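*Asks:*
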Amino acid sequence: MKRLIAVGAVVACAVGMVLSTGPARAQEEQPEKPGECTRNYSNVTMYGSKVVPGGATCYLYNVVLVGGIDVRPGGSLYVDSGGTSSHPSNVGPINVNAGTLYVDDSTTKAISVNRPTEGPIGDGLAVRICGSTVSSVSVTYTPGPSGVSIGGRECEPEEECQECEFLTSQYNEGGNHILGDLKIVYNNAFVDAEDNVIDGGVSCWYNNPAPYFRYNTVKGMVTGQCVTTVKQGG
């Protein structure tokens, strides 16, 4: 997606500025420790599990990660493929605890997000999953005012957003294919889940406000607050 690609450009620019400010500034930068992801990676295959520590940003563009990735409190993870890549990102299970997660045009195993927080972009979102194939998704205990977008209008390119209100899953390029279950529980923030194909079930409980759940095709059982706004069937 164009918005996430722009994020990568901003991150890369920031890295370039650090490198150009001389030895004094460079000494302040901590080297990446084994097993950590604290910088940009593109067009590579990586093996083993990774950790994004607090205060760090990990950006994976066209990266295959054979292993999971754990985002610690205050960390940010961005996974993107640019939509037309011949080397799309494919990442193992993602676990986020009090961090930020953006996934665009990629394939991942299970995504589990607990108490996410708004990242350095400052767009009001703590979690954004767009145009991707994911094994399963669980989002819990999101505090306000940070929001969560799983497909839907926040996944549209900016120049098309004025039309998002009228889009359905047939036309929206931001929807995801969730191969298993979607769980949205105990969130105190706005959760937008639209235009997704969900092969498993959906659980929506104890969210305030209730999730904005529409234009989804769900093959399994839907329970809780999402029950009245769903299209079910194969």
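Position in the sequence shown (from 1) plus 810 gives the number in the working numbering. Beta carbons: idealized from backbone N, C-alpha and C, even for Gly. Fair warning: this is a prediction, and the values are worked out from it, not measured in the lab.
In whole angstroms, what is the alpha-carbon distance linking S859 and G885?
*Replies:* Here residue 859 is taken as the residue at index 49 of the sequence shown, counted from 1. Here residue 885 is taken as the residue at index 75 of the sequence shown, counted from 1. For S859 and G885, the distance between alpha carbons rounds to 16 Å.
*Asks:* What does the alpha-carbon distance come out to for the pair I921 and V906?
*Replies:* Translated into the one-based positions of the sequence shown, residue 921 becomes position 111. Translated into the one-based positions of the sequence shown, residue 906 becomes position 96. Roughly 8 Å separates the two Cα atoms.
*Asks:* Looking only at its own chain, which residues have a Cβ that is under 6 Å from the Cβ of S891, when we skip the five neighbours before and after it?
*Replies:* As a working mapping, residue 891 is identified with position 81 in the sequence shown. Answer for S891: N872, P898, S899, D915, S916, listed in chain order.
*Asks:* Identify, in the order they occur along the chain, each residue of the same chain with its Cβ nearer than 8 Å to the Cβ of M856, setting aside the five sequence neighbours on each side.
*Replies:* Along the sequence shown, read from residue 1 onward, the residue named residue 856 stands at position 46. Answer for M856: V873, V874, L875, V876, G877, listed in chain order.
*Asks:* Cα-Cα, which of F1000, D1005, S956, Y951 is closest to S942?
*Replies:* As a first step, residue 942 must be located in the sequence shown, where it is residue number 132. Checked all of F1000, D1005, S956, Y951; the closest Cα to S942 is D1005.
*Asks:* Reducing DSSP to helix, strand and coil, say where T978 ends up.
*Replies:* Working through the sequence shown from its first residue, we reach residue 978 at position 168. Because the pLDDT of T978 is 41, which lies under 50, any placement of that residue in the model is unreliable, and the number read from its coordinates should be weighed accordingly. Coil.
*Asks:* Any idea what DSSP makes of R925, helix, strand or coil?
*Replies:* Numbered from its first residue, the sequence shown carries residue 925 at position 115. Note: R925 maps to coil in three-state DSSP.
*Asks:* So what's C847 in DSSP terms, helix, strand or just coil?
*Replies:* The sequence position of residue 847 within the sequence shown is 37, counting from 1. C847 falls in the coil class under three-state DSSP.
*Asks:* Please return the same chain residues whose Cβ sits closer than 7 Å to the Cβ of E964, not counting the five positions on each side in sequence.
*Replies:* As a first step, residue 964 is located in the sequence shown; it is residue number 154 there, counting from the start. If we look at E964 and ignore the five residues flanking it on each side, its Cβ neighbours are L935, R938, D1002.
*Asks:* Are R849 and G864 closer than 9 Å when you measure CB to CB?
*Replies:* Stepping through the sequence shown from its first residue, residue 849 is reached at position 39. Stepping through the sequence shown from its first residue, residue 864 is reached at position 54. For R849 and G864, no; Cβs fall outside 9 Å.
*Asks:* Do you know how far the Cα of G961 is from the Cα of V1007?
*Replies:* Residue mapping note: residue 1007 aligns to position 197 of the sequence shown, counting from 1. Residue mapping note: residue 961 aligns to position 151 of the sequence shown, counting from 1. Taking the straight line from one Cα to the other gives about 10 Å.
*Asks:* Does K843 pass the burial test, meaning 16 or more other C-beta atoms within 10 Å, or should it be called exposed?
*Replies:* Walking along the sequence shown from the start, residue 843 turns up at place 33. Exposed: under 16 other Cβ atoms inside 10 Å.
*Asks:* Quick one: what's S948 bridged to in DSSP?
*Replies:* Locating residue 948 in the sequence shown gives position 138, where the first residue counts as 1. The partner list for S948 (beta bridge, DSSP) reads S922, K993.
*Asks:* Between G985 and the rest of its own chain, which residues show a CB-CB distance below 6 Å, the 5 nearest in sequence each way excluded?
*Replies:* Numbered from its first residue, the sequence shown carries residue 985 at position 175. Same-chain partners within the cutoff: G961, S979, D1005, N1006.
*Asks:* Specify, as a first and last residue, the run of the beta strand (DSSP E) that S959 falls within.
*Replies:* Your numbering for residue 959 matches position 149 in the sequence shown. Unbroken beta strand (DSSP E) run through S959: 957-961.
*Asks:* So, for G1034: in the same chain, excluding its five sequence neighbours on each side, which residues have a beta-carbon less than 7 Å away from its beta-carbon?
*Replies:* By one-based count along the sequence shown, residue 1034 stands at place 224. Once the five neighbours on either side are set aside, the close Cβ partners of G1034 are S1013, C1014, W1015.
*Asks:* According to DSSP, simplified to helix, strand and coil, what is E842?
*Replies:* Position 32 of the sequence shown, counted from the first residue, corresponds to residue 842. Coil, per DSSP.
*Asks:* Name the two residues that bound the continuous beta strand (DSSP E) containing R1024.
*Replies:* Translated into positions along the sequence shown, residue 1024 becomes position 214. From DSSP, the beta strand (DSSP E) with R1024 extends over 1022-1024.
*Asks:* Report the rounded CA-to-CA distance for Y909 versus A999, giving the unit in angstroms.
*Replies:* In the sequence shown, residue 909 corresponds to position 99, counting from 1. In the sequence shown, residue 999 corresponds to position 189, counting from 1. Per the sequence shown, the amino acid found at residue 909 is Gly instead of Tyr. Taking the straight line from one Cα to the other gives about 15 Å.
*Asks:* How long is the line joining the alpha carbons of F1023 and G1011, rounded to whole angstroms?
*Replies:* As a first step, residue 1023 is located in the sequence shown; it is residue number 213 there, counting from the start. As a first step, residue 1011 is located in the sequence shown; it is residue number 201 there, counting from the start. One C-alpha to the other measures close to 13 Å.
*Asks:* Taking the straight line between their C-alpha atoms, what separation do you get for G845 and N1026?
*Replies:* Stepping through the sequence shown from its first residue, residue 845 is reached at position 35. Stepping through the sequence shown from its first residue, residue 1026 is reached at position 216. If you take the alpha carbons of G845 and N1026, they lie about 37 Å apart.
*Asks:* Determine the DSSP secondary structure at V1028, reduced to helix, strand or coil.
*Replies:* The residue you call residue 1028 lines up with position 218 of the sequence shown. If DSSP states are grouped into helix, strand and coil, V1028 belongs with the strands.
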